[in-house]
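Enquirer: Dropping the structure in here first, questions after.
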Amino acid sequence: MTEPPMQERAKPDPPGYFEGESMTRRRVFTIGAQALGGVAGAAIVLPAVGFAVAPIFHRGKERWEAVGPASDFVEDTYRQVVFTETEGIGDAGKTTAYVRKGSKELGEDPRSYIAVSNRCAHLGCPVRFVEAAGNFICPCHGGVYDFQGKRIGGPPVRPLDQFQTRVRDGQVELGPRFSVTSQLEPVRARDPGEFTGGIWEYLYPPRPSTFPAP
Amino acid sequence: MPKLRVPKIPDSVVPPPLRKPAKPGLGGTARGQAPSDLKTSPPERQTDVERLTDRAKEAPVDVLAWVDQRLAASGFLTGMLYRKVPKGTNWFYTLGSATLFAFIVQAVTGVFLAMYYTPSATQAYASIAHINNDVPLGQFVHGMHKWGASVMVILIFLHMGRTFFFGAYKYPRELNWVIGVVLLILTMTMAFTGYLLPFDQRSFWASIVGININGTGPVVGPYLSDFLRAGPELGATTLARFYAIHMLLVPGAIIALIGAHMYLVVKLGTTAPPWLKFDKPKAVIPASQLDAAGVNGSVNGHGNGASAR
Chain A
1 MTEPPMQERA KPDPPGYFEG ESMTRRRVFT IGAQALGGVA GAAIVLPAVG
51 FAVAPIFHRG KERWEAVGPA SDFVEDTYRQ VVFTETEGIG DAGKTTAYVR
101 KGSKELGEDP RSYIAVSNRC AHLGCPVRFV EAAGNFICPC HGGVYDFQGK
151 RIGGPPVRPL DQFQTRVRDG QVELGPRFSV TSQLEPVRAR DPGEFTGGIW
201 EYLYPPRPST FPAP
Chain B
215 MPKLRVPKIP DSVVPPPLRK PAKPGLGGTA RGQAPSDLKT SPPERQTDVE
265 RLTDRAKEAP VDVLAWVDQR LAASGFLTGM LYRKVPKGTN WFYTLGSATL
315 FAFIVQAVTG VFLAMYYTPS ATQAYASIAH INNDVPLGQF VHGMHKWGAS
365 VMVILIFLHM GRTFFFGAYK YPRELNWVIG VVLLILTMTM AFTGYLLPFD
415 QRSFWASIVG ININGTGPVV GPYLSDFLRA GPELGATTLA RFYAIHMLLV
465 PGAIIALIGA HMYLVVKLGT TAPPWLKFDK PKAVIPASQL DAAGVNGSVN
515 GHGNGASAR
C-alpha cells in the first residue's frame, strides 16, 4: 500500500476527522442512537416508576364518621369507639380511638372532645386504656402513656396520636389523624417510631399523603 | 463411615463431547472410535435384531448429539460438571446448593399456591382458609411454603457463615460475596412481603410493625413507609403491592442473581477449607547438597533472582 505524500492529502487530525468536523460520522450516529435509546427507555421506565411511587404524593378524601351522641362522653374517663379509617378493606380498615370530653382540670377546652388513637407510638401495636391505672398500656413492648396520652414509660418516642373531632347534629364525629409533640402541640400525622417536635420535624418530614394539623 | 458408592454411568450413554476425559496414560479411545466397553460385532455379522437393538441403544445419544450440534453447550457443560474442586471439600460446601434447593421449593410451591390465592384485602384470608381446609394437600403445600421460607433464611445465613469463616469471600471472590449479600437482602424482602399475604392477625400486625420500623429511617423513612403501604395507612392496595413484589419483582431478581452467583462459582472455583495445609514437598534437598552443587546462598530453595545471579 502506497501512501500519498503528506503535502497532497490533508491528514485528519485527530485521525478519522476531516477538515471542519468536530466529530466523525460514526461518532455522531453512535451518540445519536444511544440518546434515542435512552429516551425510549426513559419513556417506558419513568411512567412505571411514577405509577409505583404515586401514592406517596396522593392525599385521600377527608373522612368524618359519627361515633356516638355527645352526651355519651365524659371528661374523667375514655369511651372506646371503633370506626373506619381506610375504606374498602373491611375490618382491616377499622381503627380504635378512646374519646372523652375536654377536661378543665387539665387545661383543655371543656367544649372540645379528645379522641386518642390506640396506635402505639413505638411501632404501631394497639394500646389499651386501663381504667384502674388511668394509663394506656401497649402489650407488645411495654409502652405506657398517661391519661392525656403522654409517654411515661417504655420505648415509645412521642405521645399517642389523636383524631380531629367535631360535633354535628349532637353527634361526635372523628376526622383525620394527627400527631402531637411531647407538649401535646398538634403536628401533621407521623408514623409510629418517628419523633415529633424540634429538629425531628426535619428529620422525619411530614408526608404529602397526610392531612394538615388542626 | 462407609463410603457412598455412586453407580458409574457407562460411557455408551454419554455423548462423546460430554464424556469425562480419559486420564492420561490409560489409553483412552481415539477420536471417532467406539469406546472399548461398547460391545458390538462388525455390521456384516449382525442380525437385523442386533442392528435394531444397537440403533435403539444409540437413540438417546443421537438425540443429545442433535441438540448439542445446534446448542454447542457440551464444552460449557463438561467444564462445569467436571470442574476441579479442592482437596478437603466437605459437607459445609453444600449449604449454597441447599439454599438454592430451598428457593426452588419456594418457587414451585408458590406457583401452586398462586392458583388458589386471592390478593384482595377482603378475600385473602378466606382464600388461605380455603387452601388449608378444602383443597386436597392444600395445607401440605401451604406448609411447605411457610416452613420452607424459614428453612431458606436459615440456610442462607449458614451459607454466609461458611463463606465468612472459611475466608471464601477474599480475592478474587469479593464480587460473589457482594452478589450474595444482595441475595440475602432479597431473601429477607421475600420473607417480609410474604408474611402479609395470609392477611390474618399475625400478618397484619407484623407488617404494620415492619413498615413502621422502615419508617424510622431519618428523612427517607416516612416516604419509604408510604411507598410500601401505597398510602398513609395500610389499605386495599398494600396487599396487592406486597403480592406483586413477592411473586414478580423479587423472584425475578433472585433468579437473575443466582445465575450470576453460580456463574462466578464455576468460573472462579471454590476455596479449600482453611485448615488444609499445603502439601509438603515429597523430598527436601539438604542445604549441604545445594552447597555441593554450587548453589550458594539459597538455602530455602526458592532461588530468588539475587542469589542466582
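Chains as they are written, first to last, in this note's numbering: chain A, 1 to 214; chain B, 215 to 523. Don't be surprised by glycine CBs; every beta carbon is placed ideally from N, CA and C.
Opposite A/GLY198 in the DSSP bridges: which residues?
Expert: For the purposes of this step, residue 198 of chain A is taken as the residue at position 198 of the first sequence. BP columns for A/GLY198 are empty, so no partner.
Enquirer: With C-beta atoms as the reference, is B/THR313 less than 8 Å away from B/LEU278?
Expert: Position 99 of the second sequence, counting from 1, holds the residue named residue 313 of chain B. Position 64 of the second sequence, counting from 1, holds the residue named residue 278 of chain B. It is not a contact, given that the beta carbons lie outside the stated cut-off.
Enquirer: Compute the distance between the beta-carbons of A/THR86 and B/GLY449, then report whether it is under 8 Å.
Expert: Stepping through the first sequence from its first residue, residue 86 of chain A is reached at position 86. Stepping through the second sequence from its first residue, residue 449 of chain B is reached at position 235. In contact: A/THR86 and B/GLY449 (Cβ atoms closer than 8 Å).
Enquirer: Within 10 Å of its beta-carbon, does A/ARG151 have 16 or more other beta-carbons around it, so buried, or fewer, so exposed?
Expert: Within the first sequence, residue 151 of chain A is the residue found at index 151, counting from 1. Under a 10 Å Cβ-count criterion, A/ARG151 is classified as buried, with 16 or more other Cβ atoms of the shown protein chains found around its own Cβ.
Enquirer: If you draw a straight line from the C-alpha of A/VAL67 to the C-alpha of B/LEU398, how long is it?
Expert: The residue given as residue 67 of chain A occupies position 67 in the first sequence. The residue given as residue 398 of chain B occupies position 184 in the second sequence. A/VAL67 and B/LEU398: Cα-Cα distance of roughly 47 Å.
Enquirer: How about A/ARG100 and A/GLU75: do their beta carbons lie closer than 8 Å?
Expert: Numbered from 1 along the first sequence, position 100 holds the residue referred to as residue 100 of chain A. Numbered from 1 along the first sequence, position 75 holds the residue referred to as residue 75 of chain A. The Cβ atoms of A/ARG100 and A/GLU75 sit closer than 8 Å to each other.
Enquirer: Quick check: A/THR210 and A/ALA189, are their CB atoms within less than 8 Å of each other?
Expert: Position 210 of the first sequence, counted from the first residue, corresponds to residue 210 of chain A. Position 189 of the first sequence, counted from the first residue, corresponds to residue 189 of chain A. Closer than 8 Å, so yes.
Enquirer: Which residues of the stretch 432-452 of chain B have a Cβ closer than 8 Å to any Cβ of chain A? Give them in chain order.
Expert: Cβ contacts with chain A: PRO432, VAL433, GLY435, PRO436, TYR437, SER439, ASP440, PHE441, ARG443, ALA444, GLY445, PRO446, GLU447, LEU448, GLY449, ALA450 and THR451.
Enquirer: Can you tell me which of the three DSSP states A/ASN135 falls into?
Expert: Looking up residue 135 of chain A in the first sequence gives position 135. Here A/ASN135 sits in strand by DSSP.
Enquirer: Is there contact here, the stretch 121-132 of chain A with the stretch 178-194 of chain A, by at least three beta-carbon pairs under 8 Å?
Expert: yes
Enquirer: Identify the residues that DSSP records as bridge partners of A/ARG166: which are they?
Expert: Against the first sequence, residue 166 of chain A aligns to sequence position 166. Paired residue(s): A/GLU173.
Enquirer: Can you pull the chain A neighbours of B/PHE418, defined as C-beta to C-beta under 7 Å?
Expert: Along the second sequence, one-based indexing puts residue 418 of chain B at 204. Here the neighbours are ALA92.
Enquirer: Which of helix, strand or coil does DSSP assign to A/ALA115?
Expert: Looking up residue 115 of chain A in the first sequence gives position 115. The answer is strand: DSSP assigns A/ALA115 an E or B state.
Enquirer: Can you pull out the residues from the stretch 313-344 of chain B whose beta carbon lies closer than 8 Å to at least one beta carbon of chain A?
Expert: ALA335 and THR336
Enquirer: Which whole-angstrom value is the C-beta distance of B/LEU160 and B/GLY445, which I expect to be below 8 Å?
Expert: Only positions 215 to 523 of chain B appear in this structure, which leaves residue 160 of chain B out of reach.
Enquirer: Would the beta-carbon of A/PHE163 fall within 8 Å of that of A/SER117?
Expert: Mapped onto the first sequence, residue 163 of chain A falls at position 163. Mapped onto the first sequence, residue 117 of chain A falls at position 117. Yes, these two residues count as a Cβ contact at 8 Å.
Enquirer: Taking the alpha-carbon of A/GLU201 as reference, which of B/THR336, B/ALA405, B/VAL433 and B/PHE326 has the nearest alpha-carbon?
Expert: In the first sequence, residue 201 of chain A corresponds to position 201, counting from 1. A/GLU201 has its Cα closest to that of B/VAL433, out of B/THR336, B/ALA405, B/VAL433 and B/PHE326.
Enquirer: Given that a residue counts as buried once 16 or more other Cβ atoms are within 10 Å of its Cβ, and exposed if not, what is B/ARG523?
Expert: Walking along the second sequence from the start, residue 523 of chain B turns up at place 309. With a pLDDT of 37 at B/ARG523, under the threshold of 50, the modelled position of that residue is not reliable, and the figure given next carries that caveat. Looking at its Cβ environment, which holds fewer than 16 other Cβ atoms inside 10 Å, B/ARG523 is exposed.
Enquirer: Would you tell me roughly how many angstroms separate the C-alpha atoms of B/GLY302 and B/PHE290, rounded to the nearest one?
Expert: Translated into the one-based positions of the second sequence, residue 302 of chain B becomes position 88. Translated into the one-based positions of the second sequence, residue 290 of chain B becomes position 76. A straight-line Cα-Cα distance of about 25 Å links B/GLY302 and B/PHE290.
Enquirer: Which residue from B/PRO436, B/ALA382, B/THR267 and B/SER502 puts its Cα closest to that of B/THR485?
Expert: What you label residue 485 of chain B is simply residue 271 of the second sequence in a count that begins at 1. The option with the nearest alpha carbon to B/THR485 is B/ALA382.
Enquirer: If we define contact as Cβ-Cβ less than 8 Å, is B/ALA520 a contact residue for chain A?
Expert: The residue labelled residue 520 of chain B in the question sits at position 306 within the second sequence. Interpretation of B/ALA520 is limited by its pLDDT of 40, a score under 50 that renders its predicted location unreliable; the figure taken from the coordinates is listed afterwards. B/ALA520 does not count as touching chain A.
Enquirer: Using DSSP's beta-bridge definition, name the partner residues of A/GLY93.
Expert: For the purposes of this step, residue 93 of chain A is taken as residue 93 along the first sequence, with counting starting at 1. According to DSSP, which records beta bridges pairwise, A/GLY93 is partnered with nothing at all.
Enquirer: Mind listing which residues of the stretch 74-90 of chain A have their C-beta closer than 7 Å to chain B's C-betas, in chain order?
Expert: GLU85, THR86, GLY88, ILE89 and GLY90
Enquirer: Could you check if A/THR95 is buried or exposed, using at least 16 other CB atoms within 10 Å of its CB as the buried criterion?
Expert: Residue mapping note: residue 95 of chain A aligns to position 95 of the first sequence, counting from 1. A/THR95 is buried by the Cβ-count criterion.
Enquirer: Give the secondary structure of A/THR210 by DSSP, where H, G and I count as helix, E and B as strand, and everything else as coil.
Expert: Residue mapping note: residue 210 of chain A aligns to position 210 of the first sequence, counting from 1. Correct three-state label for A/THR210: coil.
Enquirer: Is B/VAL365 helix, strand or coil when you go by DSSP?
Expert: Taking the second sequence and counting its residues from 1, the one referred to as residue 365 of chain B is at position 151. Here B/VAL365 sits in helix by DSSP.
Enquirer: Can you give me, in chain order, the residues of the stretch 46-58 of chain A that have a beta carbon less than 8 Å from any beta carbon in chain B?
Expert: Against chain B - using a Cβ distance shorter than 8 Å - the residues of the stretch 46-58 of chain A are ALA52, VAL53, PRO55, ILE56 and HIS58.
Enquirer: Does the stretch 321-335 of chain B come close enough to the stretch 358-372 of chain B to have 3 or more Cβ pairs within less than 8 Å?
Expert: yes
Enquirer: Do A/SER103 and the ligand MN come close, with the Cβ less than 7 Å from some heavy atom?
Expert: With respect to small molecules bound, the structure shown includes none, and the ligand MN cannot be examined in it.
Enquirer: Kindly indicate which three-state DSSP category B/TYR437 falls into: helix, strand or coil?
Expert: Position 223 of the second sequence, counting from 1, holds the residue named residue 437 of chain B. Reduced to three states, the DSSP call for B/TYR437 is helix.
Enquirer: Check whether the Cβ atoms of A/LEU184 and A/PRO159 lie closer than 8 Å to each other.
Expert: Position 184 of the first sequence holds residue 184 of chain A. Position 159 of the first sequence holds residue 159 of chain A. In this structure, the beta-carbon distance from A/LEU184 to A/PRO159 falls below 8 Å.
Enquirer: Should A/GLU62 be flagged as near chain B, meaning a C-beta pair shorter than 8 Å?
Expert: Position 62 of the first sequence, counted from the start, is the residue given in the question as residue 62 of chain A. It does not; no Cβ of chain B falls within 8 Å.
Enquirer: Here's a check: name, in chain order, each residue in its chain whose Cβ is nearer than 8 Å to the Cβ of A/GLN171, leaving out the five neighbours to either side.
Expert: The sequence position of residue 171 of chain A within the first sequence is 171, counting from 1. Cβ within range, chain order: ALA66, VAL67, GLY68, PRO69 and ALA70.
Enquirer: For chain A, check one thing: does any of its Cβ atoms lie closer than 8 Å to the Cβ of B/VAL275?
Expert: To locate residue 275 of chain B, count along the second sequence from 1; it is residue 61. By this cut-off, B/VAL275 is not an interface position.
Enquirer: Which of helix, strand or coil does DSSP assign to B/TYR383?
Expert: Taking the first residue of the second sequence as position 1, residue 383 of chain B is located at position 169. Here B/TYR383 sits in coil by DSSP.
Enquirer: Can you pull out the residues from the stretch 180-195 of chain A whose beta carbon lies closer than 8 Å to at least one beta carbon of chain B?
Expert: Within the stretch 180-195 of chain A, those residues whose Cβ lies closer than 8 Å to any Cβ of chain B are, in chain order, ALA189, ARG190, ASP191, PRO192, GLY193 and GLU194.
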